[in-house]
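So the sequences go chain by chain: H and F. Okay, so the first sequence: first residue is 803 according to my numbering, each after it adds one. Okay, so the second sequence: first residue is 3 according to my numbering, each after it adds one. In this text, a Cβ means the ideal position worked out from N, Cα and C, and glycines have one as well.
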Amino acid sequence: MRGLIGAGADQATHESALPGLTVSIEKDLEVLVQRFLVRKREDLGSARIALAAGDYETIRRIGHDLKGAGEGFGFPELSAFGAALEGSAIVRNERALGEQLTAVEQFLSRLRVTFR
Amino acid sequence: MTSATLKDPEVKTVTTLQPTAAAPGSTLRVAVVEDDLSQAELLSHWLELAGHHCHHYDRGEGLLRALDQESFDVLVLDWNLPDISGVDVLKRIRASQQASLPILFVTARNREDDVVMALRQGADDYMVKPVRRLELIARLEAIARRGKHQNEQPEVLELDVYRVDCQTRTVTREQRPVELTAKDFDLSVLFLRNVGRLLSRGHIRESVWGPNAVVTSRTLDTHVSRIRNKLGLTPENGWRLAAVYRYGYRLEQLDAAIPRTPRSSDL
């Protein structure tokens with residue numbers, strides 16, 4: 803299996819509880835998908851910091867971008883998560899945002915991408 | 003650890019249809035204004051797979067500055083930009099000398115009033131992210147055609163005394179063949195298909211020599227001068243191939259040819 807992208811060892815403890823999700827994407831998108839997932843993981847970290855600071859605009863923007871780009875890269879779930887984050891940020895729903903960020907983190911930790 | 007060790011792995015496959023590459027001579031020069039780098043990379047990748055040339059700007063002002071010296075066949079415009087909104091970019095373009103530039107909004111804003119506002123302000127089409135690859139390419143090519151910037155690309159183009167056969171790559175003027183080099187032929191076709199349109203030097207270079215070619219301004223000017231002479235694109239013949247300072251060239255068909263003094267060869 804070539805071009806496998808997956809969770810790091812730090813997430814291994816969650817793997818026994820959560821089923822994996824393997825997505826197979828065309829080879830020509832490999833570099834772009836790798837970059838995209840790195841950026842989105844960074845965005846999640848930024849969103850956590852923003853949530854702690856009550857910076858809802860930053861989370862709204864991160865959600866908006868995720869909504870727009872996720873499906874195009876082959877991850878419609880990420881677009882749905884992005885839409886939810888954007889909506890919750892607009893109404894400043896801190897509890898929902900915390901849950902949604904956890905859901906995105908779990909999704910990314912389950913995710914394995916193969917290229918063919 | 004691989005997915006094989008996980009419980010009940012769910013596997014899905016993303017299949018993307020391959021777009022048809024642009025037909026020769028129908029390559030579009032596309033500007034993409036998008037601040038999300040991942041999205042911009044994806045759009046550029048799709049456009050290039052379809053045979054088009056993509057130029058990315060991450061700010062609205064960056065594009066507006068570029069338009070002072072560049073021309074494009076079509077613009078893909080995001081709404082939410084860090085400096086000015088996509089709608090403001092749209093308004094400023096519609097009030098500029100590039101007012102007819104076909105514009106496709108690609109944005110995650112999906113409310114009906116957003117779509118209506120963008121179209122009423124002059125957008126040619128509107129797509130809500132996430133967009134699908136083939137649909138994006140098809141809509142983009144459609145608005146470029148409607149904008150008459152990229153015609154149907156007929157094999158034979160007849161204009162005034164000129165007849166251009168793209169199949170045999172020959173040009174006749176008043177039914178007499180005009181000898182042109184390969185590059186001069188491509189340059190002639192570009193101008194004759196874009197009569198009245200101001201083309202930037204970058205646009206001309208990219209269309210004739212390709213996106214990665216290094217072509218000096220002097221080389222370009224030499225080729226333009228040569229086709230002006232060979233095709234007789236001069237006011238006495240009813241044509242003007244005009245240089246526009248620090249921008250590029252425009253081929254104009256004059257309303258009435260300026261009467262010329264008969265030459266011995268005409269008698």
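{"Check": "Are any of the Cβ atoms in chain F nearer than 9 Å to that of H:S881?", "Outcome": "yes"}
{"Check": "I need the boundaries of the alpha helix (DSSP H) containing F:Y59, first residue and last residue.", "Outcome": "Per DSSP, F:Y59 belongs to no alpha helix (DSSP H); it is in the beta strand (DSSP E), 55-59."}
{"Check": "Quick one: does F:L106 have its CB under 9 Å from some CB of chain H?", "Outcome": "no"}
{"Check": "Please list, in chain order, all residues of the same chain as F:L49 whose beta carbon is under 6 Å from its beta carbon, the five residues on each side excluded.", "Outcome": "V32, C56"}
{"Check": "Rank F:V216, F:F193, F:H205 by C-alpha distance to the C-alpha of F:E254 and give the top, closest one.", "Outcome": "F:F193"}
{"Check": "Who are the Cβ neighbours of F:M129 in its own chain at under 6 Å, not counting the five residues just before and after it?", "Outcome": "V108"}
{"Check": "So for F:P104, helix, strand or coil by DSSP?", "Outcome": "coil"}
{"Check": "Going along the chain, which unbroken runs of the beta strand (DSSP E) with 3 or more residues stay wholly within the stretch 113-168 of chain F?", "Outcome": "127-130, 158-161, 164-167"}
{"Check": "To the nearest angstrom, how far is it from the Cα of F:V76 to the Cα of H:R918?", "Outcome": "33 Å"}
{"Check": "What are the residues of the stretch 844-877 of chain H that lie near chain F, defined by any Cβ-Cβ distance shorter than 7 Å?", "Outcome": "H866, D867, K869, G870, A871, G872, E873, G874, F875, G876"}
{"Check": "Can you name the residues that DSSP bridges to F:P179?", "Outcome": "F:T174"}
{"Check": "Could you name the residues of chain F that H:F838 contacts, counting a contact when the two beta carbons are closer than 7 Å?", "Outcome": "S40"}
{"Check": "With a cut-off of 9 Å, does the C-beta of F:H54 fall near any C-beta of chain H?", "Outcome": "no"}
{"Check": "Between H:K842 and chain F, is any beta-carbon pair separated by less than 9 Å?", "Outcome": "yes"}
{"Check": "Would you kindly report the start and end of the unbroken beta strand (DSSP E) that includes H:I827?", "Outcome": "823-827"}
{"Check": "Under 9 Å between the Cβ atoms of F:V166 and F:L189?", "Outcome": "no"}
{"Check": "Which residues in chain F have a C-beta closer than 8 Å to the C-beta of H:L834? List them in chain order.", "Outcome": "S40, E43, L44, H47"}
{"Check": "Considering only the beta carbon of each residue, do H:L823 and H:R897 sit closer than 9 Å?", "Outcome": "no"}
{"Check": "Less than 9 Å between CB atoms is the rule here; does F:Q100 satisfy it with respect to chain H?", "Outcome": "no"}
{"Check": "For the alpha helix (DSSP H) that contains F:W48, what are its first and last residues?", "Outcome": "39-51"}
{"Check": "So, with DSSP's three-state summary, where would you put F:R111?", "Outcome": "coil"}
{"Check": "Could you tell me whether the Cβ atoms of F:V35 and F:L103 are closer together than 9 Å?", "Outcome": "no"}
{"Check": "Starting from F:V191, trace the alpha helix (DSSP H) in both directions and tell me its first and last residue.", "Outcome": "184-194"}
{"Check": "By how many angstroms is the C-alpha of F:D116 removed from the C-alpha of F:F74?", "Outcome": "25 Å"}
{"Check": "Assign F:Q71 to buried or exposed, taking buried as 16 or more other Cβ atoms, counted over all protein chains shown, within 10 Å of its Cβ.", "Outcome": "exposed"}
{"Check": "Which residues in chain H sit within 8 Å of F:K232, going by Cβ to Cβ distance?", "Outcome": "What F:K232 touches in chain H: nothing, since even the nearest Cβ is about 42 Å away."}
{"Check": "Give the interface partners of F:N82 over in chain H, defined as CB-CB distance under 7 Å, in chain order.", "Outcome": "H866"}
{"Check": "Just to confirm, is the Cβ distance from H:D830 to F:H47 under 9 Å?", "Outcome": "yes"}
{"Check": "Taking Cβ-Cβ distances shorter than 9 Å, what residues in chain H pair up with F:V133?", "Outcome": "G870, E873, G874"}
{"Check": "In chain H, which residues lie with their C-beta within 7 Å of the C-beta of F:A110?", "Outcome": "H866, K869, G870"}
{"Check": "Applying the criterion that 16 or more other CB atoms from any shown protein chain within 10 Å of the CB defines a buried residue, is F:N196 buried or exposed?", "Outcome": "buried"}
{"Check": "Could you check whether the Cβ of F:L51 sits closer than 9 Å to any Cβ belonging to chain H?", "Outcome": "yes"}
{"Check": "For F:K185 versus F:V210, is the C-beta spacing smaller than 9 Å?", "Outcome": "yes"}
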